[in-house]
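S.K.:
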DNA sequence: GCAAAAGTGTTATCACTACACCCATGG
DNA sequence: CCATGGGTGTAGTGATAACACTTTTGC
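Residue numbers (my numbering), protein chains in the order written: chain A, 1 to 234; chain B, 1001 to 1234.
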């Protein structure tokens, strides 16, 4: 059996929407595109899928090239395929979104791509349909994090409850009552209190917590209602 | 600007996972594949994406060819792209899932494809990775319908509350208390009681309801908790 | 000793679960 | 008149939201 005849073949790429959190704001890792067309315009990091590569492998390799990281949280967002989304030739793109701890020691941004963390409130225009991809990724992040304990992927392995609250507030652009917030997150049973405190952001210091990995894996897919009806999510 | 050089181009297809409900069971519309390889094996309906077609257009056209229907509920599930998923040559598939009213008058199954409605409990093995696609589609249907008023797409425009309950029970493979069920669905405010009754399934007859289209569109994306934590959904 | 952030408890409301009986009708 | 499925109400429980004061400590 040869090939399917009379059909058009297309380029297939992956693009990565990479979220990070610096303790205050939600950020996106963007690059300045290194080749024509749209050279030097802001862009998501991406790459063509190679003949023997799965999408996941391709996306992980893009992420690895750019950040040096492996094994981080990554999920397929959607396939984008408008016929004219890339003016050069028809290219379908499988978008992946990724959550990483912006301060982790292994993170080493490659110099090759002029990558920068950019606040979601200060996003420049992006090439092709990348702005649309970012919009969809943010929507999905908000949707999913309202129900699943997802945002921990953006924090270091030791974090305080006030830090966690700032993160949720940044993602949903709201404020929460800290008494209710801490009761809710502690009631999930996912957090283990540590003996030491973070003294950087207050004189008194705030206790560190770690995720209980067993429970985290077990409960990841349960509906946890981290945020109750934050607006009108999809 | 010419084309990107040195990259491999691939076939791109769409496959449709088509759900229907016959009043008792959840069903899938499958065809017997009409060409090699795997000719005459059970398969999802699909087709190659044409050079000037978006994925949505391609999927809608596949559905139209097969059922005569237009404008039905359709949503991208995921892109599938393992290098060897199609033994003939590398083909990526964008899977769409669709909900249709199995009894609607416009539904006209094309003879060309030997299409049949098959109960989810009696699924045959499917070609390629289609069984995996079905699994993922069912998971997504359950996930989404637990939170959003999605399953109405499987019913005729006039339906009774007992019919709706049977549908939810079929999707989640559980039984609900009918008092609690009707209170919950009525409390959404999405249903408008009609004056006439369905007398087919009982002597007393059950009142028909219709969706309030305004509220349906407005509330579709709100979190409605149609089903409270049915197991451990993703 | 004071400014700044951490930590904690109570009350009212609401949504959910479990559960049992009467109603309308066709045969 | 009876069998079948339709329709409704209540009480107990658990989760949520609103709300204010005390603790710690670096300066």
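Virtual Cβ for every residue (Gly too), placed ideally from N, Cα, C.
1. Chain A partners of residue 1078/B, CB-CB under 7 Å?
2. Quick one: what's residue 1188/B bridged to in DSSP?
3. Does the distance from the CB of residue 1031/B to the CB of residue 1045/B come in under 8 Å?
4. Closer than 7 Å by C-beta to residue 1190/B: which residues in its own chain qualify, once you throw out the five before and the five after it? Chain order, please.
5. Would you kindly work out how many angstroms separate the C-alpha atoms of residue 162/A and residue 138/A, rounded to a whole number?
6. Would residue 68/A be called buried (16 or more neighbouring beta carbons within 10 Å of its own) or exposed?
7. In chain order, which continuous runs of the beta strand (DSSP E) of length 3 or greater are located wholly inside the stretch 1024 to 1105 of chain B?
8. With the cut-off set at 8 Å, would you say residue 1255/B and residue 1109/B are in Cβ contact?
9. Is residue 1211/B helix, strand or coil by DSSP?
10. For the beta strand (DSSP E) holding residue 11/A, just list the boundary residues, first then last.
11. Quick check: what's the CA-CA separation for residue 5/A versus residue 1036/B?
12. Can you tell me whether residue 175/A is buried or exposed, with buried defined as 16 or more other CB within 10 angstroms of its CB?
13. Within this structure, are the beta carbons of residue 127/A and residue 193/A separated by less than 8 Å?
14. Going by C-alpha distance, which of 1060/B, 1086/B and 1167/B is nearest residue 1101/B?
15. Suppose you measure from the CA of residue 1048/B to the CA of residue 51/A; what does that come to, to the nearest Å?
16. Once DSSP output is grouped into helix, strand and coil, what is the label at residue 1144/B?
17. Use the C-beta contact count for residue 1200/B: other C-beta atoms within 10 angstroms, 16 or more gives buried, fewer gives exposed.
18. May I have the straight-line CA-CA distance separating residue 59/A from residue 72/A, to the nearest angstrom?
19. With residue 1118/B as the anchor, note down where its beta strand (DSSP E) starts and where it stops.
20. Who pairs with residue 193/A in a beta bridge, going by DSSP?
21. What are the uninterrupted segments assigned as alpha helix (DSSP H) that are 4 or more residues long and contained completely in the stretch 133 to 179 of chain A, given in chain order?
22. Tell me whether residue 1129/B sits in a helix, a strand or coil according to DSSP, three-state version.
23. Taking 8 Å as the threshold (beta carbon to beta carbon), is residue 149/A in contact with chain B?
24. Let me see if you follow: with CB-CB separation under 8 Å, is residue 1019/B close to chain A or not?
M.R.: Put simply:
1. 76
2. Bridge partners of residue 1188/B: none, in fact.
3. A contact, by the Cβ cut-off of 8 Å.
4. 1149, 1211, 1212, 1215, 1216 and 1219
5. 22 Å
6. exposed
7. Counting only runs that start and end inside the stretch 1024 to 1105 of chain B, the beta strand (DSSP E) elements of at least 3 residues fall at 1026 to 1032, 1045 to 1048, 1073 to 1080 and 1091 to 1100.
8. Since the displayed chain B opens at 1001 and closes at 1234, residue 1255/B lies outside it and no answer follows.
9. Of the three classes helix, strand and coil, the one that applies to residue 1211/B here is strand, per DSSP.
10. For residue 11/A, the enclosing beta strand (DSSP E) has its first and last residue at 9 to 21.
11. 12 Å
12. exposed
13. Not a contact, by the Cβ cut-off of 8 Å.
14. 1167/B
15. 19 Å
16. Helix, per DSSP.
17. exposed
18. Rounded to whole angstroms, residue 59/A and residue 72/A show a C-alpha spacing of 11 Å.
19. 1116 to 1119
20. 209/A
21. You should have 161 to 172.
22. coil
23. No, residue 149/A lies away from the interface with chain B (no Cβ there is under 8 Å from its Cβ).
24. Against chain A, the CB of residue 1019/B has no partner CB under 8 Å away; the residue lies outside that interface.
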